[in-house]
Every structure is written in structure tokens, then in C-alpha cells.
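Just so you know, the sequences run in chain order A and B. Numbered per full-length UniProt numbering, the first sequence spans residues 1 to 351. Numbered per full-length UniProt numbering, the second sequence spans residues 1 to 351. For each residue, glycine too, the CB sits at the ideal point set by N, CA and C. Okay, so here's the structure we're looking at.
There are 2 protein chains.
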Amino acid sequence: MSESPFLSPACPAPAAAGGAIELAHGGGGRLPHGLIEGLFRPALATAPEDFTHDGATLEIDPRGARLAFTTDSYVVRPLFFPGGDIGSLAVNGTVNDLAMCGAEPRYLSVGLVIEEGFSIEALSRVIDSMRDAAHAASVRIVTGDTKVVEWGKGDGVYVNTSGVGLIRARRPVAPQHVRPGDAAILSGDIGRHGIAILAARESLGFESEITSDCAPLAGAVLGLLEAGVEPHCMRDLTRGGLATGLIEIAQAANVAIHLDQAAILVSDAVRGACEILGLDPLYVANEGRFVVLVPADHASRAVAVMRRFDERAAVIGHVEAARRSSGVHLSTIGGSRELDMLSGEQLPRIC
Amino acid sequence: MSESPFLSPACPAPAAAGGAIELAHGGGGRLPHGLIEGLFRPALATAPEDFTHDGATLEIDPRGARLAFTTDSYVVRPLFFPGGDIGSLAVNGTVNDLAMCGAEPRYLSVGLVIEEGFSIEALSRVIDSMRDAAHAASVRIVTGDTKVVEWGKGDGVYVNTSGVGLIRARRPVAPQHVRPGDAAILSGDIGRHGIAILAARESLGFESEITSDCAPLAGAVLGLLEAGVEPHCMRDLTRGGLATGLIEIAQAANVAIHLDQAAILVSDAVRGACEILGLDPLYVANEGRFVVLVPADHASRAVAVMRRFDERAAVIGHVEAARRSSGVHLSTIGGSRELDMLSGEQLPRIC
Chain A
1 MSESPFLSPA
11 CPAPAAAGGA
21 IELAHGGGGR
31 LPHGLIEGLF
41 RPALATAPED
51 FTHDGATLEI
61 DPRGARLAFT
71 TDSYVVRPLF
81 FPGGDIGSLA
91 VNGTVNDLAM
101 CGAEPRYLSV
111 GLVIEEGFSI
121 EALSRVIDSM
131 RDAAHAASVR
141 IVTGDTKVVE
151 WGKGDGVYVN
161 TSGVGLIRAR
171 RPVAPQHVRP
181 GDAAILSGDI
191 GRHGIAILAA
201 RESLGFESEI
211 TSDCAPLAGA
221 VLGLLEAGVE
231 PHCMRDLTRG
241 GLATGLIEIA
251 QAANVAIHLD
261 QAAILVSDAV
271 RGACEILGLD
281 PLYVANEGRF
291 VVLVPADHAS
301 RAVAVMRRFD
311 ERAAVIGHVE
321 AARRSSGVHL
331 STIGGSRELD
341 MLSGEQLPRI
351 C
Chain B
1 MSESPFLSPA
11 CPAPAAAGGA
21 IELAHGGGGR
31 LPHGLIEGLF
41 RPALATAPED
51 FTHDGATLEI
61 DPRGARLAFT
71 TDSYVVRPLF
81 FPGGDIGSLA
91 VNGTVNDLAM
101 CGAEPRYLSV
111 GLVIEEGFSI
121 EALSRVIDSM
131 RDAAHAASVR
141 IVTGDTKVVE
151 WGKGDGVYVN
161 TSGVGLIRAR
171 RPVAPQHVRP
181 GDAAILSGDI
191 GRHGIAILAA
201 RESLGFESEI
211 TSDCAPLAGA
221 VLGLLEAGVE
231 PHCMRDLTRG
241 GLATGLIEIA
251 QAANVAIHLD
261 QAAILVSDAV
271 RGACEILGLD
281 PLYVANEGRF
291 VVLVPADHAS
301 RAVAVMRRFD
311 ERAAVIGHVE
321 AARRSSGVHL
331 STIGGSRELD
341 MLSGEQLPRI
351 C
């Protein structure tokens, strides 16, 4: 990733800055990339593919199965929100990271950091929610750990889930396999998780309650693979939303992704909330939506499979060779514009 | 584990208590067992072996390798202490949990929850320390995640490490395989990690600096397996120390473990500090010590292997059938006493 803009002088690697961590380091924009690219990869990566996306492929033994391995910590605030809670979010988020590797999610671990004084009734609800989400996603939670910190050193409960899955994709699924001509397919409407969290946090009374899209994506991904679709790259559209996910892919693949704004579904409720709040739904977090890039002649088969899971799945764009620079271009009724990576934090602690 | 005392009326399952989380829920005594036994296992376990020890065995496919999978969160305070820091602790702790399953540690994930305002220089030191510890333990850190929480909602950085290893033990390694006649072997002196942390935290100026024993144990475990030793059970002696680890094993195996106090090595510095602080070194945490239970005729071979890694390794006791009740009995010069599970928290945030 030598072309990554995140190490340019405009955004120095944090290790060189001698500064302090900002909330934006946890968001979906430039700063967290600086943290991963500037600190994690140089120090920890021992193979080129390490830390390049939200999961790793494990080669356990030459004749054995290929495994996917991923981890995520969840610090969402509030813990309970319309459409989910930190428990279902933690299970679905890690299930989805495995699915995006082309893997069948199989086993999860749970690590809890609990604040002293947290209600055991609330903790029970979180754990029951994890159980239900694991059941719905056909994964087993097999091991766990709890730590307790003093009152005022946490915020209720923070959850880490790590996961192991069995890779079912016959070819590697990663940004560098994206090719000019590929179709970009979106699995449903966007922006619901971020707006649901914000509404719950700020007690905003929108006309209709917006619920998070928090859901497992493994069924749709396994459906694609079973139907013989070859996903070149898949991405669940969490922190930073659709725009950030696609910009990352375009830059890693050194291609231009052209999107048709009219094809990108945003519900009226989310659109109205975004207008009031001054947010662009393209950058708002989702927790049950993904984009998949497939060869053009696989696109209609892929859409048919994905519509079994959400009838709103649709082709939203296509890939071209990067002429001047890689990136994402959005065609609107009035013309077109290039989408930029956010430089700050849109919504902290969204997941 | 229907005989577990942790669900008895004297220590009700937390779910039934309607109360709040206490610091002691994070320690090495009765309360955290209540949390795991009372909440986690009933809600999450789908197989009898789930959540019975610090790791799970994954059956990936019938002809494939057997894997161990484990997770731990680290909230140690202070982050840097003599002999280690939260980074080396997190790597070695998870390496050791895998080793205790009879597995060769292979891959780790890292999840960080960072407090806003935390120094990037300190974060770099933690990550460099993780890199060095991973190198020393021959594991690869392959995937990671960072979240940032507001100032005052964390404490510098909390680290989760999860790990995957390849099981090398030919037979299952677990408490229920412990048999009367087995020898108990301890890998070195005890109590150093807990005292090092407490001294660093309270700025206690002991005559000689006590350093943590934080270290990887996989080399010694793989050495035992290569030498043909059959470990029936292994346990790294973290929160709750040697006593708690052995009490858990004795209760799960329904046996009596007899220890010879004279064989259990405690350095003069640790013994002196424990006397001043009113602590029993048998209950103080270690981060680089383990106990292994092996058939009596494997004991001398096992000790010989373990002395290649620490010349202080020694047989400290043996297993007998439980007569009246399972538990751990300590023979001292003056007589003998039964060791009890701690009911509270000896040292919070020790790991």
C-alpha cells in the first residue's frame, strides 16, 4: 500500500507525531488509517497481507482447511438501541467480518471489560442477546473472559468478539483482486445503524423510529458462493459507511469505482434525519449491509441470490481502470463528484 | 459441573442476584466463577466442554487439524511494570492459555480500546512490546482492531488478545483426565507477578526490585509433548495463583491434591513482601508459571524437560482419590491445612 495517502505529510503517522489519541482515531476516516498503517502494520505485520483488511487467513497445515480469523472490540453507546444492542452487534459484526473473507463463520470468543457497578440484569440481557445472535448466525460461542475495572474507568461494558471461520471461497477475496469491468452490488438500503444510534443517544424524536440494520451477512455470502458467483472483494459497510468502504477498496486496487447515486437506496426516514443532522448517508455506518464486487457476467446471478435475503439488493456501480487517480466517483442527476475520505470522526462510538 | 460450589445458595448465580458488578467479579476467587458459571455457561455454552477452561478445541473438519482457540482481555494497572507491560502480558497470557490446551500457539489477534488523550508514544511502546513478545513466542499477530473511547471512559489502553493454536497433545488435556497417583509439577518460583504489580502501583520501595515472571510457556509445554510426557492437565497460575488453579482442578476432577509446602519455591523477596502486605504467596498471581499433572512414572522425565526452561521446576505434590471432599491439602512442617477458594478480590486489575 505504498500509495496510501495516510502516511503523507498532511496526515503524519501517529508514531511520529508524539501526540495523543483523539476520538477520531476510532472513526472511519483518515486518522484510524494512520493508526493501523502508521503503528500496527510496521510493528506487527510479518506478511504483506497482515492488517490489510478485517481478518486474516490462517494456513494451519498444508492439507488442512483454510481458516479466517478476525477480531473486533465494541464500545457502542448506548448499549441498547432500536434494532439491537452491544451483544447482537458484537456477534453480527464479527460474523460479518468472517463472511467478508469468504468464510463460513463457525466459532466466536467473547471478552468483556465490565465497569464496577454495572447492573447484572443489563449484563444478562447483553449475554442473552449474544446467544440469540449466535444462534441466528449458526455460530458457536466457545470461550470467554471477563475483566472488571473500577467505576469511572469504563462505560458499562465493552465487548470483544474474535472469530474463526472456514474459508469457502475458492479464490482469494481481497481488494487487489478487483478488476476493471467488475460490478458493485449493494445488499440493501444504507445509513440505518448510524442514525438509530444517534437518535437513541441524543433522544431525538424522529417521526418514525429508525431501527439499526444490525444483522448477519453470512447467509447471503454463502449463497453467492454456492451459486458459483466469484466475489473479487466484499466489504461490510460499518464505520465510515459505503463511501469509506469503497474508497479503501478503490485505493488498494488502484481502480476507479463509478457509482450511480440513483441506485443507492436510502429510506425516507434516514434521508430526512440526515438532512436535519447535516450528515451524508453515504458516510453513515451500517451493521448489516455489504457491497460485493463481481465480474460483470456474474452480476445478475449475484443480485438474484442477494434478493433472497433483501429484495432491495441492486447493482450500484462499476469499476474502471484508474486514469489519473484511484477513487470513487458518484454520478448524480446534476453531474458527478469524487468522494473524499472523511478527515475527522462523524459519529464516535457507533460500534 | 453440577457439583460446582459456585451455584450454591452461599454464592448465588449473579443473574439471580439482581445486583451490580463488583471489582471482585474480575478476580481469582468465588465471584468470577459465579459470573462464568451463573451467566456465561447457561446462556452461551452449546457443548458440555464450552467455558470449562481458558480455551476451546475447534473441530474444523474431520480430516483436519484440531485447533485451540482462546481469548483474554487485559486491564492491568499500571500499564508498565518491572519485567513487562500490558503488551507483553497480553501476548504471553494468550500464548500460555493455548499452551495449557496442549497446543502450539500460532496466530494472535489484537483488539485495543484506547482512551482519548492517551499518549501515542506509550501506545507505540505497548505495540513494540507485543511485537517482541510475539517474536519470542514464535507466534504471528495477524489481525487487529482499535476503538477509541472518551477521556474518563477508559484507563489508557485495554488490550484483548485472542489466539489460535494447533493441538499437539495426542490425548485431551483437561481437569477431568487427572487421576489418583498423578504427580503435580510446578515450573518455577511463585508470586512474582502479583507483587511486582502491587509494588509498582503503590510505589512500595522493597529492598530489592521484584520483577514480574511474565513469559511464554509454550516452549516448555511443547518440550514435554515431544519427550512423550502425557500431561493430564495443565494450568497457568494467573489470577488467584497456585492455590486457586489447583482447587479448580481438584474440584473439576473430584480428587484431592496433596501439596508439600517445602517443595513450593517462593523467593525471599516475594516472601518478605507478602509478609509486609499480609498476602499468601499461594494466592498471588503469576504470568509465567504453570503446574502440570502427569502420571507418576512420567514425573522425572517431565521435571528434566521443565528444568531446561527453569532449573527450579519441581514435583510439589500428588493426587489422591477424594475421600470426603475434593480439594487441595497443604502439608506444612507443623501439620496440614486445606486451601480455600478466596471469596473476595486479592488484587484487582492484576492482568
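Any idea what DSSP makes of A:E121, helix, strand or coil?
Residue state, collapsed to three classes: helix.
Determine the burial state of B:G19: buried for a count of at least 16 other Cβ atoms within 10 Å of its Cβ, exposed for fewer.
B:G19 comes out exposed.
Measuring only the C-alpha atoms, how far is A:Y158 from A:S73?
Whole-angstrom Cα-Cα distance: 7 angstroms.
Apply the 10 Å Cβ neighbour rule to B:T94 and answer buried if 16 or more other Cβ atoms are within range, or exposed otherwise.
It counts as buried.
I'd like to confirm the pairing. Which residues does DSSP put opposite A:C274 in its beta bridges?
Answer by DSSP bridge pairing: none, since A:C274 is not bridged.
Residue burial classification, A:P175 (beta-carbon count within 10 angstroms, cutoff 16)
Its Cβ being crowded by 16 or more others within 10 Å, A:P175 is buried.
What is the DSSP secondary structure of A:F309, reduced to helix, strand or coil?
It is helical.
Leaving out five residues before and five after A:A184 in sequence, what residues of the same chain have Cβ atoms less than 8 angstroms from its Cβ?
Excluding residues within five positions, the ones whose Cβ falls inside 8 angstroms are L246, I257, L259, V291, V292, L293, V315, I316, G317, H318, V319.
In this structure, how does DSSP classify B:V95 when only helix, strand and coil are distinguished?
For B:V95, the secondary structure class from DSSP, reduced to helix, strand or coil, is helix.
Per-residue contacts from A:R349 into chain B (C-beta, under 7 angstroms):
Under the 7 angstroms cutoff, chain B gives V149.
Along chain A, in chain order, which residues have C-beta atoms closer than 8 angstroms to that of B:A56?
Using a Cβ-Cβ cut-off of 8 angstroms, B:A56 is close to Y107, S109, V142, T143 of chain A, given in chain order.
Note down, in chain order, every chain A residue with its Cβ under 9 angstroms from the Cβ of B:S119.
Going along chain A in sequence order, the residues near B:S119 (Cβ under 9 angstroms) are G18, G19, A20, I21.
For the stretch 269-281 of chain A against the stretch 151-167 of chain A, do three or more pairs of beta-carbon atoms, one drawn from each stretch, fall closer than 8 angstroms, so that the two count as touching?
With the cut-off at 8 angstroms, the stretch 269-281 of chain A and the stretch 151-167 of chain A do not touch.
When burial is assigned at 16 or more other CB atoms within 10 Å of the CB, is B:A262 buried or exposed?
Residue burial is scored here from C-beta neighbours: B:A262 has fewer than 16 other C-beta atoms within 10 angstroms and is therefore classed as exposed.
Please state whether the Cβ-Cβ distance between B:V303 and B:A296 is less than 8 angstroms.
Taking 8 angstroms as the Cβ cut-off, B:V303 and B:A296 do not qualify as a contacting pair.
Cβ neighbours of A:G334 in the same chain (closer than 8 angstroms, five flanking residues each side left out):
Nothing meets the Cβ criterion.
Report yes or no: do the stretch 135-147 of chain A and the stretch 96-111 of chain A share at least 3 C-beta pairs separated by less than 8 angstroms?
In this structure the stretch 135-147 of chain A touches the stretch 96-111 of chain A; the number of beta carbon pairs closer than 8 angstroms is three or more.
What are the partner residues of A:I114, as DSSP defines its beta bridges?
Looking at the DSSP output, A:I114 shares a beta bridge with A:V148, A:V157.
B:T70 classed as buried or exposed, judged by whether at least 16 other C-beta atoms fall within 10 angstroms:
Buried: at least 16 other Cβ atoms inside 10 Å.
What residues in its chain sit with their C-beta under 6 angstroms from that of B:A250, if we drop five residues either side in the sequence?
Excluding sequence neighbours, B:A250 sits near I257, S326, G327, V328.
Assuming B:P231 and B:V173 form a contact by the criterion Cβ under 8 angstroms, report the distance between their Cβ atoms to the nearest whole angstrom.
Right, the Cβ-Cβ distance comes to about 5 angstroms (below 8 angstroms), so this counts as a contact.
Are the beta-carbon atoms belonging to B:G26 and B:L225 less than 8 angstroms from one another?
Not a contact, by the Cβ cut-off of 8 angstroms.
Would you please verify whether the beta carbon of residue 357 of chain B is less than 8 angstroms from any beta carbon of chain A?
Outside the modelled stretch of chain B, which goes from 1 to 351, sits residue 357 of chain B, for which no answer is possible.
Distance check for A:L67 and A:L217, CA to CA, integer angstroms please.
C-alpha separation (whole angstroms): 18 angstroms.
Residues near A:D155 by beta carbon distance below 8 angstroms, same chain, minus five either side:
Excluding sequence neighbours, A:D155 sits near V75, R77, E115.
Taking Cβ to Cβ, would you say B:G194 is nearer than 8 angstroms to B:V284?
A contact, by the Cβ cut-off of 8 angstroms.
Any Cβ of chain A within less than 8 angstroms of the Cβ of B:F81?
No, because no Cβ of chain A sits closer than 8 angstroms to the Cβ of B:F81.
Would a check of beta-carbon distances place B:G154 closer than 8 angstroms to chain A?
Taking Cβ atoms only, chain A reaches closer than 8 angstroms to B:G154, which makes this a yes.
Is the Cβ of A:Y158 closer than 8 angstroms to any Cβ of chain B?
At least one beta carbon of chain B lies nearer than 8 angstroms to the beta carbon of A:Y158.
Pull out every residue of the stretch 179-197 of chain B whose Cβ sits closer than 7 angstroms to any Cβ of chain A, in chain order.
Only those residues of the stretch 179-197 of chain B whose C-beta falls short of 7 angstroms from the nearest C-beta of chain A would be listed, and there are none.
Let me know the secondary structure DSSP gives B:A134 once reduced to three states.
Looking at B:A134 - three-state DSSP - the assignment turns out to be helix.
Mind pulling the chain B residues with CB within less than 7 angstroms of A:V75?
Within chain B, the residues near A:V75 are V113, K147, V149.
Which same chain residues end up closer than 7 angstroms to A:S2 when comparing Cβ atoms and leaving out the 5 residues on each side of it in sequence?
Low per-residue confidence applies at A:S2: pLDDT is 31, beneath 50, and the placement is therefore not dependable, though the value from the model is reported in the following sentence. Cβ within range, chain order: n/a, list empty.
Terminal residues of the continuous beta strand (DSSP E) containing B:E287?
Per DSSP, B:E287 is not a residue of any beta strand (DSSP E), being assigned neither H nor E.
Are A:E287 and A:S212 close, meaning C-beta to C-beta below 8 angstroms?
For A:E287 and A:S212, yes; Cβs fall inside 8 angstroms.
Could you check what DSSP says for A:A47 in three-state terms: helix, strand or coil?
In the three-state reduction of the DSSP assignment, A:A47 falls in the coil class, being assigned neither a helical nor a strand state.
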